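Numbering (my numbering), first residue to last: 27 to 304.
Here you go:
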């Protein structure tokens with residue numbers, strides 16, 4: 027059974043070849059007059075995941091028998107069930123739609139133009155992966171006192187210790203291996219890592235936070251949310267590879283933010299935790 031990525035690439039390539047044949051067959055001008063052509067391509071999202079799907083792009087998915095010239099509608103043939111809600115499927119539809127518009131307007135589809143169309147499509151808001159952003163009102167804030175800070179220190183240590191001692195595998199290494207082998211089962215190794223991060227965020231939201239620790243606590247909470255968002259995108263790297271593209275560039279930065287946030291929390295606790303006197 028061909029993979030989701032292979033089917034997507036095949037559809038795009040087949041669409042390119044077939045559409046060129048269709049447009050070449052339709053256009054037969056008697057006299058050719060040189061005309062300056064606008065090679066710029068404006069990309070707009072034609073399809074929203076949340077809205078009913080546009081089926082115009084399917085019209086070019088036909089098979090033509092070279093001997094009998096019989097045309098078969100491939101959209102009516104039995105095919106693997108695909109999830110139309112993935113970003114990868116949306117990208118294939120949006121890119122193919124933009125390609126057909128460009129060809130119809132007489133724009134030459136060079137590698138540079140195709141690259142511009144792909145980059146412009148990926149830059150649309152629909153393809154951006156954003157994490158949850160927590161604010162002060164999401165926290166349970168308490169007064170600043172010796173007992174409160176000691177309790178806060180204990181709860182912070184309990185919430186974050188799992189991240190340091192329970193995570194054994196490198197998430198990015200898991201993703202790279204799964205995509206190289208097209209092995210979705212490899213991504214199951216991310217499930218316990220995702221669960222640990224979710225539990226950490228849950229603990230950070232439920233604990234009592236001293237007023238003086240709010241900023242440092244929010245930084246830690248939001249950097250944890252960024253990492254969780256990255257991990258959840260990695261989890262569908264094989265079935266929805268477009269979703270993981272932004273993560274490849276941002277994950278190391280988010281890890282760095284988390285490390286800096288932990289350092290700030292430790293500095294806060296060092297400067298504010300009362301020293302016990304015996």
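From the three backbone atoms N, C-alpha and C, an ideal C-beta is built for every residue, glycine too.
Every value quoted in this text rests on a predicted model; they were computed, and no experiment measured them.
- Determine the burial state of residue 259: buried for a count of at least 16 other Cβ atoms within 10 Å of its Cβ, exposed for fewer. Under this definition residue 259 is a buried residue.
| request: Decide if residue 299 is buried, meaning its Cβ has at least 16 other Cβ atoms within 10 Å, or exposed. | output: exposed
At the level of alpha carbons, what is the spacing between residue 64 and residue 136?
Note that residue 64 scores 49 on pLDDT, short of 50, meaning its location in the model is unreliable and no value can be drawn from it.
- Rounded separation between residue 161 and residue 244 - CA only: 7 Å
Buried or exposed for residue 186, going by 16 or more other Cβ atoms inside 10 Å?
Buried: at least 16 other Cβ atoms inside 10 Å.
Review point. Whose C-alpha, out of 264, 219, 256, 232, is nearest the C-alpha of residue 273?
Key: 256
Checking the sheet assignment: what are the DSSP bridge partners for residue 234? 166
Just how far apart, CA to CA, sit residue 159 and residue 268? Using only the alpha carbons, I get a separation of about 23 Å.
Item to check | Rounded straight-line distance, which links the Cα of residue 181 to that of residue 208 | outcome: 40 Å
- [ ] Below 6 Å CB to CB, which residues in the same chain sit around residue 215 once its five sequence neighbours on both sides are set aside?
- [x] 195, 200
Could you tell me the distance, in whole angstroms, from the CA atom of residue 291 to the CA atom of residue 183?
In a straight line, the C-alpha of residue 291 is about 10 Å away from that of residue 183.
From this set, 131, 125, 130, which residue's C-alpha is nearest residue 141's C-alpha? 125
Report task. Closer than 8 Å by C-beta to residue 281: which residues in its own chain qualify, once you throw out the five before and the five after it? Chain order, please. Result -> Only 253 meet the Cβ criterion.
Kindly give me the distance between the Cβ atoms of residue 242 and residue 294, rounded to whole angstroms, as I take these residues to be in contact under 8 Å. Residue 242 to residue 294, Cβ: 5 Å. Contact.
In this structure, how does DSSP classify residue 292 when only helix, strand and coil are distinguished? helix
Roughly how many angstroms lie between the CA atoms of residue 174 and residue 168, to the nearest whole one?
8 Å
query = DSSP state of residue 193, grouped into three classes?
reply = In this structure, residue 193 counts as coil in the three-state DSSP scheme.
Along the alpha helix (DSSP H) that carries residue 248, what are the first and last residues, could you check? 240–260
**Report entry** Backbone CA spacing between residue 165 and residue 249 [nearest angstrom]
**Finding:** 15 Å
query: In chain order, what residues of the same chain lie with their CB nearer than 8 Å to the CB of residue 276, ignoring the 5 residues before and after it?
result: 252, 256
| message | I'd like the list of long-range same chain contacts for residue 262, defined as Cβ closer than 8 Å, with 5 residues on each side in sequence excluded. | response | 112, 213, 269, 270
Beta carbon of residue 197, beta carbon of residue 219: below 7 Å? yes
Alpha-carbon to alpha-carbon, residue 247 and residue 26: Because the chain is modelled from 27 through 304, residue 26 falls outside the range shown and cannot be assessed.
inquiry  = Restricting to Cα atoms, I'd like to know which of 239, 287, 230 is closest to residue 172.
reply    = 239
* Using three-state DSSP, classify residue 266 as helix, strand or coil. => coil
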